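Comments concern the structure below.
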Amino acid sequence: MLAVCKTKAAKGAVELCENLPVPEPAAGEIKLKVGATGICGTDLHIYHWVPWAARQIKVPQILGHEIAGRVVALGEGVTGIEIGDLVSLESHIFCGHCHQCLTGKAHLCSQLHYPGVDRPGGLAEYVCVPARIAWVHRAPISQQVAAMFEPFGIAVQAGLEGTGVSGQDVLITGCGPIGLMAVAVARALGAAQVIATDLTAPRLRAAAAMGADRVVDVSKEDPVAAVMDLTGNKGVDVAMEYSGQEKALSQAIEALTRGGDLRLIGAPDNPVTLDLNRIILKGINVQGIHGRKIFHSWSHASRLVYSGKVDLQPLVSHVLPLREGVRAFDLIERGEAVKVLVQPES
């Protein structure tokens, strides 16, 4: 089969691999004919071979963890899933028996594994995964939309954390694909006002299209001043930081009202310097968001999409055939894409 692989422990080294063996499901696994796989920031980190990737990735490795497809085979013992089902995959392969898993926090499992990181991923024609990470769609949606459920679940979880967003003024810093999804989620969940910041015009236009009341180009305008102007100098009730940039984090803290919620989603490439006094003296509540609550976030995400309250399809800027999948990394690097999906040929 064809697959897009990280072939060497070095920057770049992402190639199309041919004539790979087609996997077959072990006991407890399902086999998918991949319908679509998204490219995300984690894949770019692997492409650039950042320190995290160098520690985690076993090369050669088939990439891709934002996966949707049709079930074509069931391993021994699999129940509740049928041949032909359309599924999206939770990318956190949890053990099911550690303290976190047993107390409703499987997304924070102490023994997590990931498709496209330490086992073959979905930038391929077929993939086998544990059946327990499959979310079966019970409503008719496209495989492209199904492939975006994994990142969409992060945005949904960020919207549900803490005091939620209903009736609140919300700041979203960083309008990559998940930040844009967060704009739509905040709007769908009843935020009073949604302010989105970024550096690039295409992403800011997309944020406005997804429902932001105000978009701020931080290369031209002070986002804190914009927030204060829009909120009558109160500040936002909730700030969600999606960029992973130290300056954006600092601005989010400054833009928050006293007692507000700071939700951290974007992971910095390097350690950041943070003045904790600004958090302590403002009584800010800080919450790290890692993945999706399994399967609480998925249930909410499904209702938002199935009901039509959130439409993810407009986020797709490019769909590439698997043979051209390597080109996705160039498109994202050049800032020419919002969301890139890769689809195997039928």
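Just so you know, we're using my numbering here: the sequence shown kicks off at 21 and counts up by one. From the three backbone atoms N, C-alpha and C, an ideal C-beta is built for every residue, glycine too. Model, not experiment: these values are computed from the prediction.
Rounded C-alpha distance that separates residue i from residue j
i: GLY89; j: LEU191; result: 34 Å
i: GLY95; j: ALA74; result: 32 Å
i: GLN177; j: ALA348; result: 27 Å
i: GLU353; j: LEU52; result: 29 Å
i: HIS310; j: ILE101; result: 27 Å
i: ARG158; j: SER322; result: 9 Å
i: ARG17; j: MET230; result: Nothing can be reported for residue 17, as the shown portion of the chain is limited to 21 through 366.
i: PRO171; j: PHE114; result: 17 Å
i: GLY55; j: ASP295; result: 46 Å
i: LEU342; j: ALA30; result: 22 Å
i: VAL117; j: VAL98; result: Reading off the sequence, residue 117 comes out as His, not Val. Between HIS117 and VAL98, the C-alpha separation is close to 18 Å.
Opposing strand residues paired with residue i [DSSP bridges]
i: MET260; result: ILE192 and ARG283
i: PRO45; result: In DSSP, PRO45 forms no bridge with anything.
i: ASP218; result: ASP237
i: SER108; result: ALA88 and TRP155
Inter-residue CB distance, residue i and residue j (contact presumed, cutoff 8 Å)
i: PRO288; j: GLY264; result: 5 Å
i: SER173; j: ALA206; result: Here the sequence assigns Gly to residue 173, which means Ser is not the residue at that position. In fact, because the Cβ distance is near 15 Å, the residues do not count as touching under 8 Å.
i: PRO364; j: GLU145; result: 5 Å
i: LEU209; j: SER186; result: 6 Å
i: CYS37; j: ALA23; result: 5 Å
i: ILE59; j: VAL362; result: 7 Å
Where the beta strand (DSSP E) containing residue i begins and where it ends
i: HIS119; result: Counting along the chain, HIS119 falls outside any beta strand (DSSP E), though it belongs to the alpha helix (DSSP H) covering 119-122.
i: ASP249; result: Premise fails: ASP249 lies in the alpha helix (DSSP H), 243-250, not in any beta strand (DSSP E).
i: ALA23; result: 23-26
Beta carbon of residue i nearer than 8 Å to that of residue j
i: ILE273; j: ILE300; result: no
i: THR57; j: GLU86; result: yes
i: GLY61; j: LEU143; result: no
i: PRO135; j: SER111; result: yes
i: VAL91; j: ILE50; result: yes
i: GLY280; j: ASP249; result: no
i: ILE304; j: LEU276; result: yes
i: LEU335; j: LEU200; result: yes
Range covered by the alpha helix (DSSP H) that runs through residue i
i: LEU64; result: 61-68
i: SER186; result: From DSSP, SER186 is part of no alpha helix (DSSP H); its letter is neither H nor E.
i: TYR326; result: 316-326
Any C-beta of chain D under 8 Å from that of residue i
i: ILE174; result: The chain inventory of the structure shown lacks chain D, comprising one protein chain alone.
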